[in-house]
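Enquirer:
Numbering (my numbering), first residue to last: 569 to 894.
1) I need the straight-line Cα distance from residue 571 to residue 783, nearest angstrom please.
2) Is it right to say residue 736 is buried, meaning 16 or more other beta carbons lie within 10 angstroms of its own, or is it exposed?
3) Report the residue from 839, 788, 695, 720 whose alpha carbon sits nearest the alpha carbon of residue 819.
4) On the three-state DSSP scale, how would you describe residue 600?
5) Can you tell me where the beta strand (DSSP E) holding residue 574 begins and where it ends?
6) Would you mind sorting residue 881 into buried or exposed? The rule is 16 or more other CB atoms within 10 Å of its CB.
7) Which parts of the stretch 724 to 759 are runs of the beta strand (DSSP E), unbroken and 3 residues or longer, counting only runs that do not cross its ends?
8) Report the partner residues of residue 566 according to the DSSP bridge assignment.
9) Assuming the contact rule is C-beta atoms closer than 8 angstroms, residue 710 and residue 848 should be a hit. Round their C-beta distance to whole Å, please.
10) Could I get the ranges of all uninterrupted alpha helix (DSSP H) runs contained in the stretch 804 to 855, with 4 residues as the minimum, in chain order?
11) DSSP three-state label for residue 802, please.
12) What's the call for residue 749, buried or exposed, on a 16-neighbour Cβ count within 10 Å?
13) With a cut-off of 8 angstroms on the beta carbons, I'd call residue 695 and residue 741 a contact; round off their distance for me.
14) Report all residues from its chain with a CB closer than 6 angstroms to the CB of residue 879; omit the five preceding and five following residues, and keep chain order.
15) Rounded C-beta distance between residue 798 and residue 815? I'm assuming under 8 angstroms.
16) Would you decide whether residue 829 is buried or exposed? Buried here means 16 or more other CB atoms lie within 10 Å of its CB.
17) If distances are taken between C-alpha atoms only, which option among 574, 689, 617, 592 comes closest to residue 640?
18) Are the stretch 714 to 732 and the stretch 674 to 683 in contact at 8 angstroms, needing three or more beta carbon pairs?
19) DSSP three-state label for residue 641, please.
20) In or out: residue 786 buried (at least 16 other Cβ within 10 Å) or exposed?
21) Are there 16 or more other CB atoms within 10 angstroms of the CB of residue 752, so buried, or fewer, so exposed?
22) From this set, 884, 817, 863, 631, which residue's C-alpha is nearest residue 808's C-alpha?
23) If I measure Cβ to Cβ from residue 781 and keep anything under 8 angstroms in the same chain, skipping five residues before and after, which residues do I get?
24) Please state the DSSP three-state secondary structure of residue 762.
25) Using a Cβ-Cβ cut-off of 6 angstroms (strictly less than) and excluding sequence neighbours within five positions of residue 593, which residues of its own chain qualify?
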């Protein structure tokens with residue numbers, strides 16, 4: 569199968585591309601390198617450096633490569649930034665998604681896998697969070713993903729599109745070759761590991777008075793390879809119908825647990841300083857992945873926090889400056 573991966577030079581997209589190539593797919597990566605890295609593109613994938621706002625480049629790419637399916641990871645992804653700059657998310661993310669979907673459909677593509685988000689569930693009624701949970705996006709970023717899901721729903725009704733949307737929680741870890749390198753970095757595990765690398769003096773804990781066992785927020789971490797495998801499993805069964813999944817490990821780990829586990833993995837003391845809460849942080853977010861396990865036969869290979877952090881640490885040790893330097 570010939571698969572277009574938008575955002576394939578980014579963290580998740582690069583590892584999905586790697587896993588697709590290893591599974592025998594013919595992959596084309598489409599990325600403007602605004603957040604991605606050229607060094608993160610698998611050498612056996614074709615690469616197109618272009619923006620989704622560029623309709624001419626999109627049409628040329630679909631025509632030249634005879635694309636059969638699309639995995640869409642490209643877009644602005646920072647929750648806090650989306651609150652400060654809502655038009656960037658409700659504008660660019662939606663417009664560019666529409667450009668991609670419309671161009672793909674014009675070229676006969678009817679299979680899509682969408683990178684959605686757990687930010688669709690701002691204040692869930694039940695934990696773990698199932699697919700039946702009320703959708704109430706927690707930010708313009710979450711709203712933009714919800715809109716893209718709804719667009720795909722209507723393309724299914726009107727154009728015969730088949731799609732899978734994955735609402736996933738905190739992707740973490742690394743493969744042997746590709747890892748997490750954001751600027752700015754906002755994710756907890758790479759920030760903690762930067763302390764162990766000597767690049768930060770300490771890690772900040774935002775509040776320790778939540779209604780959790782140790783007072784710090786609890787989140788669900790899913791290994792990025794497990795996440796990639798779920799996407800590939802879904803792609804292979806789209807002919808049986810569209811589907812939506814929440815995706816996580818099903819286990820919750822607190823901020824303090826992440827820090828303690830990172831100390832054990834790295835052997836570094838990793839000083840931590842407690843500060844005030846951040847606005848809008850729920851105490852606990854954990855996914856139910858029962859539907860994906862049941863329907864796709866998905867089985868995480870990295871279900872525990874130690875193995876997730878261990879793979880991330882190995883990559884960061886080999887790439888202390890990320891993709892900027894060897």
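Virtual Cβ for every residue (Gly too), placed ideally from N, Cα, C.
These numbers come from a predicted model, not from an experiment.
Expert: Per the coordinate set shown:
1) Distance between the alpha carbons of residue 571 and residue 783 is about 44 angstroms.
2) Counting Cβ neighbours within 10 Å, residue 736 comes out buried, since at least 16 surround it.
3) 788
4) Taken through DSSP and simplified to helix, strand or coil, residue 600 comes out as coil.
5) 570 to 574
6) buried
7) 730 to 736, 738 to 740
8) The displayed coordinates of the chain run from 569 to 894. Any statement about residue 566 would go beyond what the structure contains.
9) The Cβ separation is near 11 angstroms, so there is no contact.
10) 823 to 834
11) helix
12) Around the beta carbon of residue 749, a 10 Å sphere encloses 16 or more other beta carbons of the protein chains shown; the residue is thus reported as buried.
13) By a beta-carbon distance limit of 8 angstroms, residue 695 does not contact residue 741. Their separation comes to about 23 angstroms.
14) 741, 742
15) Contact holds; Cβ gap of about 6 angstroms.
16) buried
17) 574
18) yes
19) coil
20) buried
21) exposed
22) 863
23) 822
24) helix
25) 569, 571.
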